[in-house]
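Novice: In this note's numbering, the protein residues as written are -15 to 53.
Even for Gly, the Cβ is constructed at its ideal location relative to N, Cα and C.
Computed from a prediction, not measured in an experiment: that's the story for all the values here.
1) I'd like to know if the stretch -12 to -5 and the stretch 32 to 40 are in contact, where contact means that at least 3 CB-CB pairs between them fall below 8 angstroms.
2) Going by alpha carbons, who is nearest to residue 29 out of 48, 16, 20?
3) With H, G and I counted as helix, E and B as strand and the rest as coil, what does DSSP make of residue 27?
4) Among 1, 33, 9, 21, which residue has its Cα nearest to the Cα of residue -13?
5) Give every residue of the same chain whose Cβ lies closer than 6 angstroms to the Cβ of residue -15, excluding the five residues on either side of it in the sequence, and list them in chain order.
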């Protein structure tokens, strides 16, 4: 199984600052939130991917480990 590219999911570069990651996450989370897209079954899945990417990239230790993979 190929690992996910969290930077691509959030639409930021691998040199992105924590502020850029947070801004990208908020934009995508709002856009893909299941409550905002009740008729789109893929919205929930996309929202989970965006949340997972943010969870890793917003934590300095997790991001460092991810970058070493």
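Specialist: The short version:
1) yes
2) Counted from its first residue, the chain shown places residue 29 at position 45. Taking only the C-alpha atoms, the option nearest residue 29 is 16.
3) Your numbering for residue 27 matches position 43 in the chain shown. Residue 27: helix per DSSP, three-state reduction.
4) Position 3 of the chain shown holds residue -13. Minimum Cα distance to residue -13 is reached at 33.
5) Numbered from its first residue, the chain shown carries residue -15 at position 1. Residue confidence is low: residue -15 scores 33 on pLDDT, short of 50, so the model does not pin down where it sits. Its coordinate-derived value is still stated next. If we look at residue -15 and ignore the five residues flanking it on each side, it has no Cβ neighbours.
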